[in-house]
Amino acid sequence: MAEMMYWEAIRRAHDEEMARDPMVICLGEDIGVAGGTYKATKGLYEKYGPLRVIDTPISENGFTGLAIGASFIGVRPIVEIMSVNFAWLAMDQIFNTAAKVRYMSGGQLAAPIVIRSPGGTAHQLGAQHSARMEKVFMGVAGIRVVTPSNPRQAYGLLKSAVRCDDPVFINEHELMYNMKGEVPDQEYFHPLEGSEIARSGTDVTLFGYNISVHWCLKAAEILDKQYGISAEVVDLYALSPLDREGIRRSVAKTHRAVIAEEDEGPVGVGAEIMAIINEECFFDLDAPPVRVHSANVPQPYNHKLEQAAIPDHEDVVNAVLKLFGKS
Amino acid sequence: MKLEDKKRVLREMVLARRFEERCYQAYMERKIGGFLHLYPGQEACCIGVMEAARPGYDYVITGYRDHIHAIKCGADPKEVMAELYGKETGSSKGRGGSMHIFDVKHRFMGGYALVGGPFPLAAGLGKGIQMKGGDEIAICFLGDAANNQGTFHETMNMVALYKLPVLFVCENNHYGIGTAIDRSTAVVDQYKRVCGYGIESAQCDGQDVEVVYEHARRAVDYVRSRKGPYFLELITYRYRGHSMSDSRSYRSREEEEMWKKRDPIFILRDRLIEAGALTQEEFHKLEKEIDDYIENEVVRFAEESPEPDVRDLEKYVLADRETQLPWLTGKVA
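In order, the protein sequence lines correspond to chains C and W.
In this text, residue positions in the first sequence follow the UniProt record's numbering: the first is 1, and each later residue adds one.
In this text, residue positions in the second sequence follow the UniProt record's numbering: the first is 1, and each later residue adds one.
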């Protein structure tokens, strides 16, 4: 098994799927001649040409709609939206068309497109380049939401998403493109539904997805070494539909839960998981579940304020200690 | 247009008119719900353009005033009416309603209810055609008010840039909901608005179906021969309000009467009578035949069809689970 970076894994999935099926195309701003802002499409323009690797104007609603229309008649587009903040501009096409067209046509038409986009706080990008949108996507019927936390998932999720007949939103992270990890040498399809136990434990479950899985893993290590608390880390790579059964199973085992997300707290992913735990695991709980999330502010530019706005592994550790009455 | 084609086109326009008027009646009887946007007055637009294109072969997409476009592409009027009644036999199985008629087997790719929304989708159909390499074209019918959406400009830029085979047909009926075009739009001649993108365009009378046909023939040939996209503006008028909840208080009855003197059906009818190809009696007979057909077959079918089963409420949200299992589970054989 070779190690590769997150962006290389995404690039490999693009390449394999485009080589397999001439109807797979990719489009977005700067993805062709410029090679992609995060290099996820590097070299594909030279290999597949301008008809299949399409540099688009900076008009998100327009090119996302173009991809949707093309998908109606057999094209399999992978749309890169350079930053998830710009996906707000494409909301009409994503939510009013892609997510609804199968239903409102009585099953006659579907929009099997993939939308990939990085979100999250990187290095002082300010309010309009640091948003997270996964909670918005997961609240809408008709579109799947997945979010890879490592190169293996980034590769396998894109492969599965391209072949799935539903629209799929892949939530990546600004800070993860250079992350290294093992990716199987042979072709690999990561499931679009379910969750993974990233670390097994018995005393508390830490739920994370995308970058927050890494806070949870680091927190679990600290909890184990310094406090003798055994934490299980559940990686919720699929946010819609959510793996209710996986959530239930882990809480039934550990009886405590902490949910970590980078997004603002209100109406978030954590709120939804909290609701599931409340509905389905109430009598398994030894303590009320806790959420760890960003402050409810637009991301500030100032570095100190920015870091104060978002959580990290220490916040997860503190949340667990609070659960155990140790803080 | 040959004589027999003119007679068929007249028949199609009468069917379009009577179908829509019957919808009006069914709405007043509360048989049809939701919003209902009717087409009387504009018949020559869709029918004239599609007469020059290949219905059922070329891809067609439009906004919410979509019943007649679907029928002209080949949709069965019975299924369209059943859709308006919300029935399982409807063209979108009762899930779409008036604003979301779909008939994909006849390449009618849908009516969409967000103003300007279909522009980029039409570009996408053009992209799909470009990749598949056939000689189909994509035709996008939208009203004048849609041209003030950002999607109009985003799309015109892209179709010109990528040379996509899309014909845009602007049915300029002078009103965006209840606001007159000169009160919402800086340039009222819509065909001029695409010049900045280097797109060929023309404007013509949208009340005379033969004029529409001649202009559309040139436009369709242009797009089909892969010279690029084309924008055709048709000057027309809708007799009824924007939708059924519109009392038309924003315009005068004199204005409406003036347009009714240039009724698309009467223009063609009078021309055929003048040429000795039709008599007044034959025309009345035609109207009667169509009314009987709509009443006895179309409306009856809609009335007698079953409602969707409530147990199927969540059907069609996502693709069929069984066929998607390899991607949902990652277990690919």
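In this text, a Cβ means the ideal position worked out from N, Cα and C, and glycines have one as well.
Only a predicted model underlies this, so the values are computations on that prediction, with no experimental measurement involved.
Unbroken alpha helix (DSSP H) run spanning residue i, endpoints
{"i": "W/HIS284", "result": "280–293"}
{"i": "W/PHE266", "result": "264–274"}
{"i": "W/ARG218", "result": "209–224"}
{"i": "C/ASN318", "result": "313–323"}
{"i": "residue 346 of chain C", "result": "Here chain C has residues from 1 to 327 only, and residue 346 of chain C is not among them."}
{"i": "C/LYS47", "result": "44–48"}
{"i": "C/ILE10", "result": "6–20"}
{"i": "C/TYR301", "result": "From DSSP, C/TYR301 is part of no alpha helix (DSSP H); its letter is neither H nor E."}
{"i": "W/MET1", "result": "Per DSSP, W/MET1 belongs to no alpha helix (DSSP H) and is neither H nor E."}
Range covered by the beta strand (DSSP E) that runs through residue i
{"i": "W/ILE61", "result": "59–62"}
{"i": "W/LEU318", "result": "Neither: W/LEU318 is in no beta strand (DSSP E) and is coded neither H nor E."}
{"i": "C/ARG291", "result": "290–294"}
{"i": "C/GLU134", "result": "Looking at the DSSP string, C/GLU134 is not in any beta strand (DSSP E); the run it does join, the alpha helix (DSSP H), is 134–138."}
{"i": "C/PHE95", "result": "Per DSSP, C/PHE95 belongs to no beta strand (DSSP E) and is neither H nor E."}
{"i": "C/CYS26", "result": "24–28"}
{"i": "W/TYR85", "result": "Premise fails: W/TYR85 is in no beta strand (DSSP E) and is neither H nor E."}
{"i": "C/ALA141", "result": "Looking at the DSSP string, C/ALA141 is not in any beta strand (DSSP E), and its letter there is neither H nor E."}
{"i": "C/GLU232", "result": "231–235"}
{"i": "W/PHE168", "result": "166–172"}
{"i": "W/GLN203", "result": "200–205"}
{"i": "C/TYR177", "result": "No beta strand (DSSP E) holds C/TYR177; DSSP gives it neither H nor E."}
{"i": "W/LYS161", "result": "This sequence places Leu at residue 161 of chain W; Lys is not what is there. That residue, W/LEU161, is in no beta strand (DSSP E); its alpha helix (DSSP H) goes 150–162."}
{"i": "W/GLU233", "result": "230–235"}
Minimum C-alpha distance to residue i - residue among the options
{"i": "C/PRO50", "options": "W/GLU289, W/GLY48, W/GLU88, W/GLN130", "result": "W/GLN130"}
{"i": "C/ALA295", "options": "C/GLY268, C/MET274, C/GLU264, C/PRO22", "result": "C/GLU264"}
{"i": "C/GLY119", "options": "C/GLY107, C/LEU27, C/ARG132", "result": "C/ARG132"}
{"i": "W/GLU287", "options": "W/MET1, W/ASP5, W/LYS2, W/ARG18", "result": "W/ARG18"}
{"i": "C/ILE25", "options": "C/VAL53, C/ALA34, C/GLY208", "result": "C/VAL53"}
{"i": "W/GLN324", "options": "C/ALA161, C/SER230, C/ILE113", "result": "C/ALA161"}
{"i": "C/ASP21", "options": "C/LEU175, C/GLY74, C/PRO167, C/VAL136", "result": "C/GLY74"}
{"i": "C/LYS253", "options": "C/ASP235, C/GLU46, C/VAL269, C/CYS281", "result": "C/CYS281"}
{"i": "C/ILE222", "options": "C/GLN108, C/LEU236, C/LEU206, C/ALA110", "result": "C/LEU206"}
{"i": "C/GLY106", "options": "W/TYR39, W/ALA82, W/ARG217, W/GLU274", "result": "W/ALA82"}
{"i": "W/LEU10", "options": "W/TYR316, W/GLU314, W/ARG217, W/ASP263", "result": "W/ASP263"}
{"i": "W/GLY116", "options": "W/GLY176, W/GLY41, W/VAL14, W/GLY330", "result": "W/GLY176"}
{"i": "C/PHE95", "options": "C/VAL79, C/ILE273, C/ALA141, C/LEU66", "result": "C/ALA141"}
{"i": "W/ALA138", "options": "W/TYR57, W/ASN172, W/LEU161, W/ARG193", "result": "W/TYR57"}
{"i": "C/ILE58", "options": "C/PHE324, C/MET18, C/MET82", "result": "C/MET82"}
{"i": "W/LEU232", "options": "W/GLY90, W/ILE267, W/GLU307, W/ALA216", "result": "W/ALA216"}
Assigned exposure category for residue i - 16 Cβ within 10 Å defines buried
{"i": "C/ASN302", "result": "exposed"}
{"i": "W/THR279", "result": "exposed"}
{"i": "C/VAL320", "result": "buried"}
{"i": "W/ASN147", "result": "buried"}
{"i": "residue 353 of chain C", "result": "What the structure shows of chain C is the stretch from 1 to 327, and residue 353 of chain C is not part of that stretch, so it cannot be assessed."}
{"i": "W/ARG30", "result": "exposed"}
{"i": "C/PRO298", "result": "exposed"}
{"i": "C/GLN307", "result": "exposed"}
{"i": "W/GLN190", "result": "buried"}
{"i": "C/GLN226", "result": "exposed"}
{"i": "W/LEU3", "result": "exposed"}
{"i": "W/GLY198", "result": "exposed"}
{"i": "W/LEU125", "result": "buried"}
{"i": "C/MET104", "result": "buried"}
{"i": "W/LYS127", "result": "buried"}
{"i": "C/GLN153", "result": "buried"}
{"i": "W/ALA186", "result": "exposed"}
{"i": "W/CYS195", "result": "exposed"}
- [ ] Specify whether the segment 195–202 of chain C and the segment 283–291 of chain C touch according to this definition: at least 3 beta carbon pairs, one from each stretch, less than 8 Å apart.
- [x] no
- [ ] For the segment 14–75 of chain W, list the alpha helix (DSSP H) runs that are entirely contained and at least 4 residues long, ordered along the chain.
- [x] 43–52, 67–73
Task: Sufficient close CB pairs (3 or more, under 8 Å) joining the segment 81–97 of chain W to the segment 84–101 of chain C - done: no
- [ ] Say whether the segment 38–47 of chain C touches the segment 95–103 of chain W, bearing in mind that this needs 3 or more beta-carbon pairs closer than 8 Å, one atom from each stretch.
- [x] no
Open item on the list: I want to know whether the segment 202–219 of chain W touches the segment 40–48 of chain W - three or more CB-CB distances under 8 Å.
Closed with: yes
Open item on the list: Quick check: the segment 175–184 of chain W against the segment 209–229 of chain W, are at least 3 beta-carbon pairs closer than 8 Å?
Closed with: no
Open item on the list: Under 8 Å: do the segment 144–160 of chain C and the segment 123–132 of chain C share three or more Cβ pairs, one atom per stretch?
Closed with: no
Open item on the list: Contact between the segment 168–180 of chain C and the segment 103–122 of chain C is defined here as three or more beta-carbon pairs at a separation below 8 Å; is this criterion met?
Closed with: yes
TODO: Could you tell me whether the segment 244–252 of chain W touches the segment 48–60 of chain W, where touching means 3 or more Cβ pairs closer than 8 Å?
DONE: no
Task: Those runs of the beta strand (DSSP E) which lie wholly inside the segment 55–122 of chain C and span at least 3 residues - done: 76–80, 114–119
Task: In chain order, each beta strand (DSSP E) run of at least 3 residues that lies wholly inside the segment 189–219 of chain C - done: 196–199, 204–208
Task: In chain order, each beta strand (DSSP E) run of at least 3 residues that lies wholly inside the segment 243–286 of chain C - done: 257–264
Task: Minimum length 4: unbroken alpha helix (DSSP H) runs contained in the segment 110–145 of chain W - done: 118–132
TODO: Examine the Cβ distances between the segment 150–163 of chain W and the segment 114–129 of chain W and report whether three or more of them are shorter than 8 Å.
DONE: yes
TODO: Report yes or no: do three or more beta-carbon pairs, one from the segment 173–192 of chain C and one from the segment 245–259 of chain C, lie closer than 8 Å?
DONE: no
- [ ] Mind listing, in chain order, the continuous alpha helix (DSSP H) runs of no fewer than 4 residues lying wholly within the segment 145–173 of chain C?
- [x] 151–163
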